[in-house]
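In what follows, a single structure is set out as structure tokens and then discussed.
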Amino acid sequence: MKFGIDIPNFEPFHNLEVIKQLAIEAEHYEWDGFFIWDHMWLGMDIAFVDPWVALTVIATVTKSIRFGTMVTPIPRRRPWKLARETVSIDVLSNGRLILGVGSGWPPELEFAPFSETVDNAKRGETLDEGLDVLTGLWKGQPFSYEGRYFNINEVTFKPTPVQTPRIPIWIGGMWPNKKPFIRASKWDGVFPISKSEKPVSPKEIIEIKSFICRQSHPKQQYDIVAAGISNKNTKEQNVLLKSYKKAGATWWIESLEQCKTPEDALQIIKNGPATI
């Protein structure tokens, strides 16, 4: 199981210099991944940072750690613009980007204030079409698309991603809603969250893995991502994380959303990932 850290893209993590230092330290202390949220506005009078600018900074100051968004709401993006951004960052980082995507949540804050649809079905359909367009453009071949939400006359996008067959795509979704997990079975990984305040449990990870396997035959390297707050350097932590690993989780993402200051986050990073 691999280990990453996850920060919001707003206070106290809105400063690019802070993000740069946290990413450098995460790599130094041998974390496998560094992920950042992708929110536009959450009804709070606080400062935000653009996650894609932050990812560019991370790519330039690190050499080995994987990184990406958790998760980017494709329904509020132009997929051709996202194609350019993702390939540019993948090339800059020599193939270390992971793209987490979803339909966007909460819609009443992420979409409604900007006169964009809050309809769950439409956002799901836009996500699916957006993924088709995104991955089609990544191939570097003449590409056309005719859909309900996106239409493209023949274009060719170059360069292509460093990673083959493509930049890994993780799908975010709320368990036990089934549609996001049917979608996730078609891609490279899944990042489940619970409808409750609690993290997805090991038991739910087992259910999710079983459900996805029934939809298709996931790749050998298919990722199931668990996230939460563990108790560092304790026996309870090892028991907890071993239970997730046994359930089928391939990543544990340590959430830093509870941190009040960058210094709090830095201390967790310096503790290093668990050894199980």
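Mapping to our numbering: the sequence shown position 47 is 76, numbers consecutive.
Note that the Cβ used here is the ideal one computed from N, Cα and C, for glycine as well.
Report the partner residues of Pro-37 according to the DSSP bridge assignment.
For Pro-37, which the question treats as bridged, DSSP gives no partner whatsoever.
Please name the residue or residues paired with Ile-222 in a DSSP beta bridge.
Met-203
If contacts are defined as beta-carbon pairs under 8 Å, then Ile-94 and Ala-55 qualify, I think. What distance do you get, rounded to the angstrom?
Contact between Ile-94 and Ala-55 holds: CB atoms are separated by about 6 Å, below the 8 Å threshold.
Report the rounded CA-to-CA distance for Trp-281 versus Ser-223, giving the unit in angstroms.
Roughly 15 Å separates the two Cα atoms.
Please tell me whether Ile-103 has its Cβ less than 8 Å away from any Cβ of chain D.
Although the question refers to chain D, the structure presented lacks it and comprises just one protein chain.
Is the region 67-85 touching the region 31-45, taking contact as three or more C-beta pairs under 8 Å?
yes
Tell me whether Asp-252 sits in a helix, a strand or coil according to DSSP, three-state version.
strand
Among Phe-240, Lys-168, Gly-301, whose alpha-carbon lies nearest the alpha-carbon of Pro-205?
Phe-240
Rounded to a whole number of angstroms, what is the C-alpha to C-alpha distance between Pro-302 and Val-184?
44 Å
List in chain order: all unbroken beta strand (DSSP E) runs of 3+ residues lying wholly within the region 89-166.
95-102, 126-131
Taking Cβ to Cβ, would you say Thr-89 is nearer than 8 Å to Leu-111?
no
Determine the contact status of Val-191 and Trp-109, defining contact as a CB-CB distance below 8 Å.
no
Go to Ser-214, then tell me how far its alpha helix (DSSP H) extends in each direction, as first and last residue.
It is not in any alpha helix (DSSP H) - Ser-214 carries neither H nor E in the DSSP assignment.
So what does DSSP say about Asn-182, is it helix, strand or coil?
strand
Tell me, please, which residues DSSP counts as bridged to Ser-20.
In the structure displayed, the chain extends from 30 to 305; residue 20 sits before or after that span and is not available.
For the beta strand (DSSP E) containing Ile-65, name the first residue and the last one.
Boundaries of the beta strand (DSSP E) harbouring Ile-65: 62-65, taken from the DSSP string.
Under 8 Å: do the region 174-184 and the region 226-238 share three or more Cβ pairs, one atom per stretch?
no
Comparing alpha-carbon positions, which option in Asn-149, Lys-49, Gly-201 lies nearest Thr-98?
Gly-201
Looking only at its chain, what residues have a beta carbon closer than 8 Å to the beta carbon of Ile-297, apart from the 5 residues adjacent to it on each side?
Ile-34, Lys-261, Glu-283, Leu-285, Cys-288
In terms of alpha-carbon separation, which member of Trp-167, Thr-146, Val-254 lies closest to Thr-308?
The shown model of the chain, from 30 to 305, leaves out residue 308, and the question about it has no answer.
Taking Glu-46 as the reference, give the member of Leu-84, Thr-304, Pro-102 with the closest Cα.
Leu-84
DSSP three-state label for Tyr-273, please.
helix
Grouping DSSP H, G and I as helix and E and B as strand, with all else coil, what is Glu-54?
helix
Here's the rule: buried if 16 or more other CB atoms are within 10 angstroms of the residue's CB, otherwise exposed. What is Thr-155?
buried
On the three-state DSSP scale, how would you describe Ser-5?
Here the chain has residues from 30 to 305 only, and residue 5 is not among them.
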